[in-house]
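As numbered in the numbering used here, residues 89 to 184 make up the sequence shown, in order.
Input: a single structure, listed below in structure tokens.
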Amino acid sequence: MNEQAAFDAMMHEVCVEKGWCGSVVGGEPRHVTDYLPASGEVTADQFVMWLFAADGIDLSDDPAKWQAHYDDLRESFVRHMGGDKAQVERFKWNGS
């Protein structure tokens, strides 16, 4: 699977199938791709935290409530991106 297909597949899974991609937060539309840096490396943990932030969820409010979602989303990243980190250049989604 090429890099574009890997990221598209991950985004389909986390956004379409699982419903984690973004919302209106503080009156402003947010999407997980809004948090991507211009360059560098993205870790699975960073990406999952951005998914939560894009949906307006603060994990510190009730960590136990969100842990299963966190673990599931992290596993999606690792499976699709081939590890627990990837260069941001690989994060070009057809929807962004």
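Ideal placement from N, C-alpha and C gives every residue a C-beta, glycine not left out.
Just so we're clear, the structure is a prediction, and the values are computed from it rather than from any experiment.
Asked, Found
"Inter-residue spacing [alpha-carbon to alpha-carbon] between residue 158 and residue 112", "20 Å"
"Whole-angstrom C-beta distance between residue 126 and residue 173, which should lie under 8 Å", "No, residue 173 and residue 126 are not in contact; Cβ-Cβ is about 17 Å, not under 8 Å."
"Per DSSP, the bridge partner or partners of residue 118", "111"
"Nearest-angstrom Cα separation, counted from residue 148 out to residue 177", "30 Å"
"Buried or exposed (CB count within 10 angstroms, at least 16 for buried), residue 102", "buried"
"Length at least 4, wholly inside the region 123–153: the alpha helix (DSSP H) runs in chain order", "132–142"
"CA-to-CA distance, residue 163 to residue 145, given in whole angstroms", "19 Å"
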